[in-house]
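Peer 1: Shown below is the structure under consideration.
Number of protein chains: 2
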Amino acid sequence: MNQLITKQTNNQVQDILKRNQLSVTGSRKKILQLFLAQDGAIAHGDIEKRAGEKFDRVTVYRTLQTFVDKGIIHVIPTADNSIRYALCKDDCSEGHHQDHHVHFVCTQCNTTYCLDDIVIPELKLPKGYSSSHIEVVAEGICKNCKTPVHLP
Amino acid sequence: MNQLITKQTNNQVQDILKRNQLSVTGSRKKILQLFLAQDGAIAHGDIEKRAGEKFDRVTVYRTLQTFVDKGIIHVIPTADNSIRYALCKDDCSEGHHQDHHVHFVCTQCNTTYCLDDIVIPELKLPKGYSSSHIEVVAEGICKNCKTPVHLP
DNA sequence: TTTCTTTTGCAACCACGTTGCTTTTTATTA
DNA sequence: TAATAAAAAGCAACGTGGTTGCAAAAGAAA
Ligand SMILES: [Mn+2]
Ligand SMILES: [Mn+2]
Ligand SMILES: [Zn+2]
Ligand SMILES: [Zn+2]
């Protein structure tokens, strides 16, 4: 079964790389698999840990940069300066990211989620200020860490 | 006149340091003056440049850390990972920061402002998520960079 | 398989931040 | 004002995260 999933994922990985005109290499396959197997974002450190036994530090950096350039993943700003990445939706492409959405960091499991469907509300700025883009990061408890409610 | 301002500011600096039970030293005076003379936040790099000719790199780090600990300044999260600091309002004190406000980064002059009076609007999170704190950073044109309107 | 192009690994480097320790400065008290 | 104790500053050394140039290896195309 694990084998089956791997095969499926493998096709998906090949597909994404081909579609973006990237050659299929070990490092790219490995890192892309990490993203596909993950609900939410991954910190650079974790990627390096999980891919780093097999690949050089520099290769990991370059692979991630390539993916960002191609619009396959996007960078998520964090308060603690640890860089995180997450898969982009399909409407991103080379040089054209479309990743303006709210991010949610769970304070319990430390997972970062992209909340693509949440509307960023209007902000009443002071006189003279006008904003072109608003970055919102919410902190709290995620769906998986929520304390379950006992029904009577 | 410059002399007068300096004297006034000097008193203010002494006052802030005394109030927080900090000894009055060259580095602390210099760095605090930078903040008092500035509308908006200052990047660590700038502080180091403007105070660094006279003081050691390490001293600048330690001074800023002391100010943060005492609730004199607060750290501002930025997308580009350049750490910025701004003066806290009076309701911050040692170990008790009260700096939950919107930040505004001007894309023209690159100044970062603390918008203390802006209300952070409610966010409709997906089912299962609950947030305890929302970080908002708005990007755009500030009051000083706004294109002036010609009156007829 | 051969050839050309792209990617990788390695070594070296830089920027940023931290730590331990000694010297200097500040506050306190005589 | 001079002596003392406590705090801060300077220095050197180190760690981490990220970058660059170049030679070797792997991938794509033929
Ligand atoms: Mn996202
Ligand atoms: Mn602020
Ligand atoms: Zn969680
Ligand atoms: Zn501006």
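Protein chains in written order, with the numbering used here: chain A, 1 to 152; chain B, 1001 to 1152. Just so you know, even glycine gets a beta-carbon here, dropped at the ideal spot from N, CA and C. Note that this is a predicted model, so its numbers are computed, not measured.
In this structure, how does DSSP classify L1123(B) when only helix, strand and coil are distinguished?
Peer 2: coil
Peer 1: Got a sec: which bits of the region 130-145 of chain A sit with their beta carbon under 7 Å from any beta carbon on chain B, in order along the chain?
Peer 2: Going along the region 130-145 of chain A in chain order, one finds S130, S131, S132, H133, I134, E135, V136, V137, A138, E139, G140, I141, C142 and K143 with a Cβ nearer than 7 Å to chain B.
Peer 1: Ligand 3: which residues have Cβ under 7 Å from any of its heavy atoms, chain order?
Peer 2: C106(A), Q108(A), C109(A), T111(A), I141(A), C142(A), N144(A) and C145(A)
Peer 1: Does L34(A) come within less than 8 Å of chain B when only Cβ atoms are used?
Peer 2: Judged by the 8 Å Cβ criterion, L34(A) is not in contact with chain B.
Peer 1: Is K7(A) close to chain B? Criterion is C-beta to C-beta, closer than 8 Å.
Peer 2: no
Peer 1: Give me the DSSP bridge partner(s) of E139(A).
Peer 2: V105(A) and H1133(B)
Peer 1: Note the first and the last residue of the continuous beta strand (DSSP E) segment covering V24(A).
Peer 2: Per DSSP, V24(A) belongs to no beta strand (DSSP E) and is neither H nor E.
Peer 1: Can you tell which of P126(A), T6(A), S23(A) and L36(A) has its C-alpha closest to the C-alpha of C88(A)?
Peer 2: L36(A)
Peer 1: Can you confirm whether K1124(B), when its beta carbon is compared against all beta carbons of chain A, has any partner nearer than 8 Å?
Peer 2: yes
Peer 1: I'd like the list of long-range same chain contacts for N2(A), defined as Cβ closer than 7 Å, with 5 residues on each side in sequence excluded.
Peer 2: Since pLDDT at N2(A) reaches only 42, below the 50 mark, its modelled position is unreliable, and the value read off the structure follows with that caveat. Sequence-distant partners of N2(A) (beyond 5 residues in either direction) whose C-beta falls short of 7 Å from its own C-beta are missing from its chain.
Peer 1: Around the Cβ of G40(A), are there at least 16 other Cβ atoms within 10 angstroms (buried) or fewer (exposed)?
Peer 2: Counting of Cβ neighbours within 10 angstroms places G40(A) among the buried residues, the total reaching 16 or more.
Peer 1: Give the interface partners of G1071(B) over in chain A, defined as CB-CB distance under 8 Å, in chain order.
Peer 2: Going along chain A, no residue has its Cβ under 8 Å from G1071(B), so there is no contact; the nearest lies around 18 Å.
Peer 1: I want to check one thing, is the minimum distance from the CB of D990(B) to the heavy atoms of ligand 2 below 7 Å?
Peer 2: With chain B covering 1001 to 1152 only, the question about residue 990(B) has no answer from this structure.
Peer 1: Less than 6 Å between C-beta atoms, sequence neighbours within five positions excluded: which residues of the same chain meet that for F1104(B)?
Peer 2: Y1113, L1115 and A1138
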